[in-house]
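A.B. asks: What follows is a structure written as structure tokens; I'll ask about it next.
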Amino acid sequence: MEHYLSDLLRRQKKRLLEQWIQNQLASSDLRDDLMSSDELRAQSEEVIDALTDVLSEKNITNPQSTDFQNLSDLLAGISISRARQGFTPRETGMFVLSLKDTLLDVLQSELADDPVRLHDLTMKISKLIDNFSVSTFETYIKGREDIISRQTSEITDISTPVIQVWDGIVAMPLIGTLDSARTQVVMENLLQAIVETGSSIAILDISGVPTVDTRVAQHLIKTVSATRLMGAECIISGIRPEIAQIVIHLGIDLSNIVTKASLAKALQHAFGMLRLVVRKQDRDLRSA
Amino acid sequence: MIIISSSETASIRTEQDVARLLHRIKAVAADTGLGTVSQTKLMTAASELARNMLFYANEGVSYLEQISQGTKVGIRLTFIDHGPGIPDVDLAMQDGYTTNPQSLGLGLPGARRLVNEFAIISTVGKGTTVTVITWKL
Amino acid sequence: MEKIPILRMGPFLLVTIQVDLYDRLALNLEADLIETVHKTGARGVLIDISAVSIVDSFMGRILGNIAGMSRILDAQTVVVGMQPAVAITLIELGLPLKGIHTALNVEKGIEKLRATIPPDDEETDDDYYFQ
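Residue numbers (this note's numbering), protein chains in the order written: chain Z, 6 to 293; chain L, 86 to 222; chain F, 907 to 1037.
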């Protein structure tokens, strides 16, 4: 009596697997472009093994049971890999839900003459598999979120590189449109780089910034002020003529900020501040 | 709709209470996933508001809540006192305005600039309630 | 009562703030520091705040007071090691700490102080040279 379910599952394991794979191959959600049928079979077989090995009357009502640890890990792994491969949430969810259909089909044919037990097991299995499918969704979403947060931080890093151009001088070339969120990241990265490198001069080059409005200018002014508060100086370079026009037309006061037309000019100014001299080597000196 | 996922309250009577509150804010803000700059801004705003409360009302109560709205998560702080209240809130929100000769008059307007949302309700003779929210970017 | 130690480094004083300052501690520091500047004839004060996670307007005012009072006693104040997040917050708060010198770290702060003091003056604070 106790072992009825586990015995049945073990006996019908082969049939379960075949029927499940059949169902999946027949489904309109099948993505044979993303996964070969061999892979599908291998994954399905592992899941069936992990389920039939442990499922019994004892643990069927307790999806949190440690008996299911293997199965949960397996499903989590499958949903994360599917999230990365580009399966939709629906396709990933259907993988587990189609297992439920298969299980119930097999039960129905096995227990045709015992409607009470059939009903009881049907309810319990539905509940259990539903639970697994919810966890699968959760893991799938987590997999996607991980991808998104990794990409976000990669994009942010790529778009705000800090270059140490000289001992004591860091430069940050800005490319693309500046919005408030990005300017905040820019500000933080630049200030962090100043601390890490112990640089007393920072150059913020905006040649790659298409336009400057009042808010962006405000942010630039704040960045310069914050740099000064930390005890360093900030030069803004790469001011194109259009930007200079916009700044004056908008009435933005940049008079407290050192601005230079090009990165080279800013570097020259920085050398001056550090009392460094760059000059061509004398021919005579070299031969001597 | 704002959903509160965790909430704690503390009474603010001494500067040590303020320091304790700031430590709790740091812990909860870090747990919510706020970056260092957002944490620092929120703690500084809290320090301004809690100090104001101590100075003008002698004591008050603070609420520290983890909240979510749609897909956003954040921290909400509420400071409630039963002090004298502020006769002219608009004036009090201006930079440099203060009735405390020892102050720079940056408390309220400064705190408003450090957070994403700011609300103040004050009734003379009844007290003042200030609520601020910082969302995770 | 807790006290923040004030170290003497040649003609300069160094204060390292390790804990977030309570009001009373901050006011004590202000009084102690000015007393020490006066007693030692120090030419510069370095306040290291690299371990400080927040500076609110109260703390900003204390720093301003120390700088102002020291200046009257002919000493320059340099605040060193401010964290980026603290700097950004102070700007947003509207407190640019005008009149206070800043430097990235203690070494750079000392360089800055040395640059403000005439070289002859450094060792002999009590003598005056007339030319």
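Where a beta carbon is used, it is the ideal one built from N, C-alpha and C, also for glycine. These figures come from a predicted structure and were not determined experimentally.
Run through the stretch 178-241 of chain Z for me and flag every whole alpha helix (DSSP H) of 4 or more residues, listed as ranges in chain order.
C.D. replies: Runs found: 185-202, 219-234.
A.B. asks: Rounded to whole angstroms, what's the CA-CA distance from residue 1031 (chain F) to residue 179 (chain L)? Just pull it up for me.
C.D. replies: Position 125 of the third sequence, counted from the first residue, corresponds to residue 1031 (chain F). Position 94 of the second sequence, counted from the first residue, corresponds to residue 179 (chain L). Note that residue 1031 (chain F) scores a pLDDT of 47, beneath 50, so its modelled location is shaky and nothing firm can be said.
A.B. asks: List the residues of chain L that residue 150 (chain Z) touches, going by C-beta distances under 7 Å, in chain order.
C.D. replies: Taking the first residue of the first sequence as position 1, residue 150 (chain Z) is located at position 145. Here the premise fails: no neighbours, minimum Cβ distance about 11 Å.
A.B. asks: Three-state secondary structure (DSSP) at residue 922 (chain F)?
C.D. replies: As a working note, residue 922 (chain F) is residue 16 in the third sequence. In the structure shown, residue 922 (chain F) sits in a strand (DSSP, three-state: E or B).
A.B. asks: Applying the 10 Å Cβ sphere with the 16-neighbour rule, what's the burial state of residue 101 (chain L)?
C.D. replies: Start at 1 with the first residue of the second sequence, and residue 101 (chain L) comes out as number 16. Exposed is the call here.
A.B. asks: When Cβ atoms are compared, which residues of the stretch 189-217 of chain L fall closer than 9 Å to chain F?
C.D. replies: If the cut-off is 9 Å between Cβ atoms, the stretch 189-217 of chain L has 189, 190, 191, 192, 194, 195, 196, 198, 199 near chain F.
A.B. asks: Where does the unbroken beta strand (DSSP E) through residue 915 (chain F) begin, and where does it stop?
C.D. replies: One-based indexing of the third sequence puts residue 915 (chain F) at position 9. Element bounds for residue 915 (chain F): 912-915.
A.B. asks: Residue 120 (chain Z) to residue 9 (chain Z), Cα distance in whole Å?
C.D. replies: The count along the first sequence starts at 1 and reaches residue 120 (chain Z) at position 115. The count along the first sequence starts at 1 and reaches residue 9 (chain Z) at position 4. C-alpha separation (whole angstroms): 15 Å.
A.B. asks: Alpha carbon to alpha carbon, how far is residue 156 (chain L) from residue 27 (chain Z)? Give it in angstroms, no decimals.
C.D. replies: On the first sequence, position 22 is the one that residue 27 (chain Z) refers to. On the second sequence, position 71 is the one that residue 156 (chain L) refers to. Computed Cα separation, rounded: 39 Å.
A.B. asks: Assess, as a yes-or-no matter, whether the stretch 960-973 of chain F is touched by the stretch 125-138 of chain L under the definition of 3 or more beta carbon pairs within less than 8 Å.
C.D. replies: With the cut-off at 8 Å, the stretch 125-138 of chain L and the stretch 960-973 of chain F touch.
A.B. asks: For chain F, find out if any of its Cβ atoms is closer than 8 Å to the Cβ of residue 256 (chain Z); answer yes or no.
C.D. replies: For the purposes of this step, residue 256 (chain Z) is identified with residue 251 of the first sequence, where counting begins at 1. No, no contact with chain F.
A.B. asks: What residues match up with residue 964 (chain F) in a beta bridge as DSSP calls it?
C.D. replies: In the third sequence, the residue the question calls residue 964 (chain F) occupies position 58. Partner(s): none; residue 964 (chain F) has no beta bridge.
A.B. asks: Using the Cβ count rule (16 or more neighbours within 10 Å means buried), how would you classify residue 124 (chain Z)?
C.D. replies: Translated into positions along the first sequence, residue 124 (chain Z) becomes position 119. Result: exposed.
A.B. asks: Where does residue 169 (chain Z) fall in DSSP's three states?
C.D. replies: The sequence position of residue 169 (chain Z) within the first sequence is 164, counting from 1. Three-state DSSP puts residue 169 (chain Z) in a strand.
A.B. asks: Counting only Cβ-Cβ distances shorter than 7 Å, please list the residues of the stretch 129-150 of chain Z near chain L, keeping chain order.
C.D. replies: Cβ contacts with chain L come from no residue of the stretch 129-150 of chain Z.
A.B. asks: Hey, out of L:186, L:205, L:87, whose CA is closest to residue 193 (chain L)'s CA?
C.D. replies: In the second sequence, the residue the question calls residue 193 (chain L) occupies position 108. With distances taken between Cα atoms, residue 193 (chain L) lies closest to L:205.
A.B. asks: Say whether chain Z places a C-beta atom closer than 8 Å to the C-beta of residue 149 (chain L).
C.D. replies: If you number the second sequence from 1, residue 149 (chain L) lands on position 64. With 8 Å as the cut-off, residue 149 (chain L) does not count as an interface residue toward chain Z.
A.B. asks: Give, in chain order, every residue of the stretch 229-248 of chain Z whose Cβ lies closer than 9 Å to some Cβ of chain F.
C.D. replies: Correct list: 230, 231, 232, 233, 234, 235, 236, 237.
A.B. asks: Just list the residues that DSSP pairs residue 146 (chain L) with in beta bridges.
C.D. replies: Residue mapping note: residue 146 (chain L) aligns to position 61 of the second sequence, counting from 1. Looking at the DSSP assignment, residue 146 (chain L) forms a beta bridge with L:96, L:165.
A.B. asks: For residue 998 (chain F) and chain C, any beta-carbon pair shorter than 8 Å?
C.D. replies: Here chain C cannot be found, since the structure's protein chains are Z, L and F.
A.B. asks: Using DSSP's beta-bridge definition, name the partner residues of residue 220 (chain L).
C.D. replies: One-based indexing of the second sequence puts residue 220 (chain L) at position 135. Paired residues: L:159.
A.B. asks: Does DSSP classify residue 952 (chain F) as helix, strand or coil?
C.D. replies: One-based indexing of the third sequence puts residue 952 (chain F) at position 46. It is a strand residue.
A.B. asks: Output needed for residue 197 (chain L): all residues of its chain with C-beta closer than 6 Å, excluding positions within five of it in sequence on either side, in chain order.
C.D. replies: To locate residue 197 (chain L), count along the second sequence from 1; it is residue 112. Only 203 meet the Cβ criterion.
A.B. asks: With respect to the alpha helix (DSSP H) encompassing residue 206 (chain L), which residues constitute its N-terminal and C-terminal limits?
C.D. replies: Here residue 206 (chain L) corresponds to residue number 121 of the second sequence, with the count starting at 1. Segment 202-208 is the beta strand (DSSP E) holding residue 206 (chain L); no alpha helix (DSSP H) there.
A.B. asks: Determine the contact status of residue 218 (chain L) and residue 145 (chain L), defining contact as a CB-CB distance below 8 Å.
C.D. replies: In the second sequence, the residue the question calls residue 218 (chain L) occupies position 133. In the second sequence, the residue the question calls residue 145 (chain L) occupies position 60. Not closer than 8 Å, so no.
A.B. asks: Cβ of residue 158 (chain Z) less than 8 Å from any chain F Cβ?
C.D. replies: For this step, residue 158 (chain Z) is matched to residue 153 along the first sequence. No - not a single Cβ of chain F is within 8 Å of the one on residue 158 (chain Z).
A.B. asks: I need the straight-line Cα distance from residue 94 (chain L) to residue 112 (chain L), nearest angstrom please.
C.D. replies: The residue you call residue 94 (chain L) lines up with position 9 of the second sequence. The residue you call residue 112 (chain L) lines up with position 27 of the second sequence. Roughly 14 Å between the two C-alpha positions.
A.B. asks: If we ignore side chains and look at the alpha-carbon of each, how far apart do residue 196 (chain Z) and residue 1004 (chain F) end up?
C.D. replies: Numbered from its first residue, the first sequence carries residue 196 (chain Z) at position 191. Numbered from its first residue, the third sequence carries residue 1004 (chain F) at position 98. So the two alpha carbons sit approximately 19 Å from each other.
A.B. asks: Along chain F, in chain order, which residues have C-beta atoms closer than 8 Å to that of residue 101 (chain L)?
C.D. replies: Your numbering for residue 101 (chain L) matches position 16 in the second sequence. In chain order: 928.
A.B. asks: Going along chain L in order, which residues have a C-beta closer than 9 Å to the C-beta of residue 186 (chain Z)?
C.D. replies: By one-based count along the first sequence, residue 186 (chain Z) stands at place 181. Going along chain L in sequence order, the residues near residue 186 (chain Z) (Cβ under 9 Å) are 222.
A.B. asks: Just list the residues that DSSP pairs residue 213 (chain L) with in beta bridges.
C.D. replies: One-based indexing of the second sequence puts residue 213 (chain L) at position 128. Paired residue(s): L:166, L:207.
A.B. asks: So the candidates are L:154, L:187, L:215; which of them puts its Cα closest to the Cα of residue 87 (chain L)?
C.D. replies: What you label residue 87 (chain L) is simply residue 2 of the second sequence in a count that begins at 1. Of L:154, L:187, L:215, the residue nearest in Cα terms is L:154.
A.B. asks: Starting from the C-beta of residue 170 (chain L), find all residues in its chain whose C-beta is less than 8 Å away, skip the five residues before and the five after it, and write them out in chain order.
C.D. replies: Residue 170 (chain L) sits at position 85 when you count from the first residue of the second sequence. Within the same chain, residue 170 (chain L) has close Cβ partners 207, 208, 209, 210, 211, 212, 213.
A.B. asks: In chain L, what lies closer than 8 Å to residue 1001 (chain F) by C-beta?
C.D. replies: Here residue 1001 (chain F) refers to the residue found at position 95 when the third sequence is read from its first residue. Ordered by position in chain L, the residues that pass the 8 Å Cβ test against residue 1001 (chain F) are 189, 191, 195.
A.B. asks: According to a CB-to-CB cut-off of less than 9 Å, which residues of the stretch 946-978 of chain F neighbour chain L?
C.D. replies: Correct list: 959, 960, 961, 962, 963, 964, 965, 966, 967, 970.
A.B. asks: Is the CB of residue 193 (chain Z) under 8 Å away from at least one CB in chain L?
C.D. replies: The count along the first sequence starts at 1 and reaches residue 193 (chain Z) at position 188. So, interface residue.
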